[in-house]
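Here the structure comes first, spelled out in structure tokens, and everything after it is commentary.
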């Protein structure tokens, strides 16, 4: 004989005794790997001992010229091209600051090092701010600007960019592409030439469809292999506007930056027990300047995000 | 071991350099305020507010030449361009890639004409809150 129950316990009836667990896993904010600041010219070592303005003598604007000795024994003509005094100024000081009150700090579960987690986030935010400032130098590129608001980036434009650098006598071995992930995944990977076996190589070679990149086996530090022998990096810090991405092909001398911090680190993280506020104050800061060092050594590769390649 | 290579199968002259089939990105983007500038060489550039603030304040340094003069032309809400892209999606299906691209380029020009003379400069983005909006550090209030 069955006993019929008409009023079993529900979860809400038992809410007072069902426990909840705060896991040790915390979903933290995600960031781009630093790619631009790791590639372009870093003048920070000159900033260690102070100064706000850094002079970089420019010998390329006015260069030496070749003369022909048309009459043997004649007096030679010497050249004296005027040097250009150029400067980079450290003019930006950015910071992220937060304070957590003593009461809250004591009561936060001991398994969470909240201060450390937010300090890490703040540090990464500032690293991205420097990346964005370097990527923002695109607006100073005039000599080699390719594509426009309606461009689906093509292989021809890639090669046109490479040609511009080589024609300017910049070493391709010291150059790199920086693409927005949209351009990389939605447009570059649709160029048939890049993934067909005839360009990938032997049938047992692993192409972009298998590896996701050009000749590299991994995604470490947003490195995506090589295109025409030139390293490819991706970062969403590439600037966009009117649905247009400002992808870059750079010789390492094209852009420069200098970071200046007491202690030498790029980003300084400081925390103190602020008695006046009864809390733990954490401040991360960075002082930097970015500049176009050699404008013709940069190529701007515009691409519209209105289009997908397929 | 014999290595199989497909290089002879396809005539190199038939190798496509552009995507074989481009399609429109149907994801709907929101209009964004846009700021137009004219460079010394006459070319027009545009930027979103955060970056436009750097250009407007002439923060970009260019070594090797005199600091480039950049003229602020004006700003607009980006709606005209947004509509042009939406129209281009229809045109793409009817007339193809080139016609759609032409509509987008036309949209950029129309947006510039709307922006011309609307001298609303980018806000000061030196201090921003968690939502990327500028704040006044003296009052901690929105500007």
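Chains as they are written, first to last, in the working numbering: chain V, 5 to 314; chain U, -4 to 138.
Yeah, the Cβ is synthetic: ideal placement off N, Cα and C, and Gly gets one too.
Proximal chain V residues relative to residue i, where beta-carbon distance stays under 8 Å
| i | result |
| --- | --- |
| residue 19/U | 310, 311 and 312 |
| residue 73/U | 246 |
| residue 111/U | Going along chain V, no residue has its Cβ under 8 Å from residue 111/U, so there is no contact; the nearest lies around 15 Å. |
| residue 29/U | 245 and 246 |
Contact list for residue i against chain V, beta-carbon separation under 7 Å
| i | result |
| --- | --- |
| residue 41/U | 245 and 246 |
| residue 83/U | 310 |
| residue 80/U | 247 and 310 |
| residue 96/U | 154 |
| residue 99/U | 153, 154, 308 and 310 |
| residue 24/U | 247 |
| residue 63/U | 144 |
| residue 103/U | 153 and 246 |
Cα-Cα separation between residue i and residue j, rounded to whole angstroms
| i | j | result |
| --- | --- | --- |
| residue 51/V | residue 292/V | 10 Å |
| residue 25/U | residue 77/U | 7 Å |
| residue 64/U | residue 110/V | 55 Å |
| residue 60/V | residue 92/V | 8 Å |
| residue 111/U | residue 39/U | 12 Å |
| residue 97/U | residue 84/U | 12 Å |
| residue 296/V | residue 306/V | 18 Å |
| residue 208/V | residue 200/V | 13 Å |
| residue 159/V | residue 283/V | 56 Å |
| residue 75/V | residue 55/U | 49 Å |
| residue 67/U | residue 30/V | 45 Å |
| residue 87/U | residue 112/V | 56 Å |
| residue 47/V | residue 92/U | 45 Å |
| residue 34/V | residue 165/V | 32 Å |
| residue 26/V | residue 14/V | 23 Å |
| residue 224/V | residue 217/V | 11 Å |
| residue 311/V | residue 289/V | 39 Å |
| residue 155/V | residue 101/V | 41 Å |
| residue 247/V | residue 104/U | 14 Å |
| residue 21/V | residue 126/V | 39 Å |
| residue 280/V | residue 149/V | 54 Å |
| residue 85/V | residue 68/V | 6 Å |
| residue 266/V | residue 43/V | 23 Å |
| residue 18/V | residue 114/V | 28 Å |
| residue 286/V | residue 41/U | 37 Å |
| residue 62/V | residue 298/V | 9 Å |
| residue 73/U | residue 276/V | 45 Å |
| residue 301/V | residue 143/V | 14 Å |
| residue 113/U | residue 44/U | 15 Å |
| residue 194/V | residue 234/V | 19 Å |
| residue 189/V | residue 10/V | 59 Å |
Nearest residue (CA-CA) to residue i, options the options
| i | options | result |
| --- | --- | --- |
| residue 115/U | 101/U, 20/U, 19/U and 31/U | 31/U |
| residue 66/V | 254/V, 83/V and 58/V | 83/V |
| residue 140/V | 75/V, 114/V, 215/V and 244/V | 244/V |
| residue 119/U | 108/U, 113/U, 131/U and 109/U | 131/U |
| residue 390/V | 284/V, 275/V, 173/V and 262/V | This structure does not reach residue 390/V, given that chain V is present from 5 up to 314, and the question cannot be answered. |
| residue 133/V | 43/V, 235/V and 36/V | 36/V |
| residue 242/V | 33/U, 46/U and 19/U | 46/U |
| residue 257/V | 153/V, 178/V and 313/V | 178/V |
| residue 64/V | 230/V, 174/V, 55/V and 142/V | 174/V |
| residue 88/V | 74/U, 57/U, 75/U and 79/U | 57/U |
| residue 101/U | 89/U, 113/U, 81/U and 117/U | 81/U |
| residue 70/V | 62/V, 81/V and 77/V | 81/V |
| residue 254/V | 274/V, 304/V and 212/V | 304/V |
| residue 140/U | 278/V, 131/V, 137/V and 121/V | Outside the shown range of chain U (-4 to 138) lies residue 140/U, about which nothing can therefore be said. |
Proximal chain V residues relative to residue i, where beta-carbon distance stays under 9 Å
| i | result |
| --- | --- |
| residue 38/U | 146 and 149 |
| residue 34/U | 143, 144 and 146 |
Under 9 Å from the C-beta of residue i: neighbouring residues of chain U
| i | result |
| --- | --- |
| residue 117/V | Result: empty, since nearest Cβ-Cβ is about 21 Å, beyond 9 Å. |
| residue 140/V | 42, 45, 46, 49, 50, 54 and 55 |
| residue 303/V | None at all; the shortest Cβ gap to chain U is about 15 Å. |
| residue 95/V | 54 and 56 |
| residue 100/V | The premise fails here: residue 100/V is roughly 10 Å from chain U at the closest Cβ pair, so nothing lies under 9 Å. |
Minimum Cβ-Cβ distance from residue i to chain B less than 8 Å
| i | result |
| --- | --- |
| residue 67/U | Given the protein chain composition of this structure (V and U), no chain B is represented. |
Contacts that residue i makes with chain U (C-beta to C-beta distance below 8 Å)
| i | result |
| --- | --- |
| residue 293/V | 56 |
Query raised in the report: What beta strand (DSSP E) runs, 3 residues minimum, are completely inside the region 145 to 221 of chain V?
Result: Within the region 145 to 221 of chain V, the beta strand (DSSP E) runs of at least 3 residues that lie entirely inside it are, in chain order, 179 to 183.
Query raised in the report: What runs of the alpha helix (DSSP H), each 4 residues or longer, lie entirely inside the region 48 to 114 of chain U?
Result: Within the region 48 to 114 of chain U, the complete alpha helix (DSSP H) runs of at least 4 residues are 74 to 90 and 92 to 110.
**Report entry** Segments of 4+ residues assigned as alpha helix (DSSP H) that fall wholly inside the region 78 to 133 of chain V
**Finding:** As far as the region 78 to 133 of chain V is concerned, its whole alpha helix (DSSP H) runs of at least 4 residues are 106 to 111.
Report task. Return the chain-ordered ranges of every beta strand (DSSP E) run that is complete within the region 228 to 257 of chain V and spans a minimum of 3 residues. Result -> Positions of the beta strand (DSSP E) runs, each at least 3 residues long and wholly inside the region 228 to 257 of chain V, are given as 234 to 238 and 248 to 255 in order along the chain.
**Report entry** Cβ-based contacts, 9 Å cut-off: residues of the region 61 to 90 of chain V near chain U
**Finding:** Within the region 61 to 90 of chain V, the residues whose Cβ lies closer than 9 Å to some Cβ of chain U are 62, 64, 65, 88 and 90, listed in chain order.
Requested in this report: Output, in sequence order along the chain, the residues in the region 203 to 235 of chain V whose CB is closer than 7 Å to any CB in chain U.
Outcome: The region 203 to 235 of chain V vs chain U, Cβ under 7 Å: 206 and 207.
Report task. Give the residues from the region 107 to 132 of chain V that approach chain U closer than 8 Å (Cβ to any Cβ), ordered along the chain. Result -> Taking 8 Å as the Cβ-Cβ cut-off against chain U, none of the residues of the region 107 to 132 of chain V qualify.
Requested in this report: Counting only runs of 3+ residues fully inside the region 36 to 61 of chain V, write out the beta strand (DSSP E) ranges in chain order.
Outcome: Listed in chain order, they are 57 to 59.
Requested in this report: With 8 Å as the limit, tell me which residues of the region 270 to 282 of chain V have their beta carbon closer than that to any beta carbon of chain U; keep them in chain order.
Outcome: Listed in sequence order: no entries.
Query raised in the report: At a Cβ cut of 7 Å, what residues of the region 159 to 175 of chain V count as close to chain U, listed as they run along the chain?
Result: Per Cβ criterion, the list reads 159 and 160.
Query raised in the report: Which of the residues in the region 9 to 43 of chain V, read from start to end, lie with their CB under 7 Å from any CB of chain U?
Result: Taking 7 Å as the Cβ-Cβ cut-off against chain U, none of the residues of the region 9 to 43 of chain V qualify.
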